[in-house]
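Undergrad: Using my numbering, the letters of the sequence shown correspond one by one to residues 117 to 317.
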Amino acid sequence: MPGLTVSRGPRLAVDVGSVRVGLATSDPDGLIATPVDTLARDTARPGPGRFPSDVARIVTEVRERGAAAVYVGLPRHLSGHEGASSASARGYAVTLAQAVAPVGVWLVDERMSTVTAHQALHASGRSGRHHRQVIDQAAAVVILQAALDAERATGRRSGERVEVDPGTPDQREGGCGADDSTTQGRIAHDLHDGTEGRPDE
Numbered sequence: 117m118p119g120l121t122v123s124r125g126p127r128l129a130v131d132v133g134s135v136r137v138g139l140a141t142s143d144p145d146g147l148i149a150t151p152v153d154t155l156a157r158d159t160a161r162p163g164p165g166r167f168p169s170d171v172a173r174i175v176t177e178v179r180e181r182g183a184a185a186v187y188v189g190l191p192r193h194l195s196g197h198e199g200a201s202s203a204s205a206r207g208y209a210v211t212l213a214q215a216v217a218p219v220g221v222w223l224v225d226e227r228m229s230t231v232t233a234h235q236a237l238h239a240s241g242r243s244g245r246h247h248r249q250v251i252d253q254a255a256a257v258v259i260l261q262a263a264l265d266a267e268r269a270t271g272r273r274s275g276e277r278v279e280v281d282p283g284t285p286d287q288r289e290g291g292c293g294a295d296d297s298t299t300q301g302r303i304a305h306d307l308h309d310g311t312e313g314r315p316d317e
């Protein structure tokens, strides 16, 4: 499926972990990625009409910033194969796409993003023991900057577009989309993959 022409507006990036979720954003022209926050991953099943608290927070960021697109990091092994972390990120991306629709969500390869983030933190003078507090949002910055660079190079969004069944508008707080099952989401492969990431854990 061809990529879409890039429209102006801030972009958000999400680094999905089993415990924490890192957020980053860009300027409206999509030039520079900057950190936003690190969220606790809410793994509890939400009640009817609600999204997990971390997803709801991202919905708020998308709305308040007027985001034009959201990128979610897709962890892969260095070989390119996908594992359990990849499946988790894909499921998260589908839930997020349901929540923020009609804003688009794209999955981008995030191999080595955490390694690159650690290197950037060391270069900025942060000691290793303080990395844990900010590493997730720093990884989100790496993911987003790679996606922004790819946008400028191709004139298109980077990665795989996450599509959800339009179905009946969701009644959950904070968003609209398909029904509760994430299996209704499907991944449409874009022609252009992101270029940065981290090994599958």
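For glycine and all other residues, C-beta sits at the position ideal for the given N, C-alpha and C.
#1: Taking C-alpha atoms, which residue in Arg173, Ala217, Gly271, Val152 lies nearest to Asp281?
#2: According to DSSP, Asp153 sits in a beta bridge with which residue or residues?
#3: Taking Cβ to Cβ, would you say Val130 is nearer than 7 Å to Val188?
#4: Tell me Tyr187's beta-bridge partners as DSSP assigns them.
#5: Would you report the Cα separation of Arg179 and Ser201, rounded to the nearest angstrom?
#6: Roughly how far, in whole angstroms, is the beta-carbon of Val219 from the beta-carbon of Ala262, given that I think they are within contact range, below 8 Å?
#7: Excluding the 5 residues preceding and the 5 following Asp296 in the sequence, name in chain order all residues of the same chain whose CB lies nearer than 6 Å to its CB.
#8: Could you tell me how far apart the beta carbons of Ser123 and Ala184 are, in whole angstroms, since I believe they sit closer than 8 Å?
TA: Taking the structure as given:
#1: Comparing Cα-Cα distances from Asp281 to each of Arg173, Ala217, Gly271, Val152, the minimum goes to Ala217.
#2: Bridge partners of Asp153: Leu139.
#3: yes
#4: Within the DSSP bridge table, the entry for Tyr187 names Ala129, Trp222 as partners.
#5: One alpha carbon belongs to Arg179, the other to Ser201, and they sit about 28 Å apart.
#6: Not really, about 20 Å apart at Cβ, beyond 8 Å.
#7: Reliability of the predicted coordinates at Asp296 is poor, the pLDDT of 35 falling under 50, and the value obtained from them is presented with this limitation in mind. Taken in chain order, the list of residues that qualify is empty.
#8: At roughly 5 Å, the Cβ-Cβ gap stays under 8 Å, so Ser123 and Ala184 are in contact.
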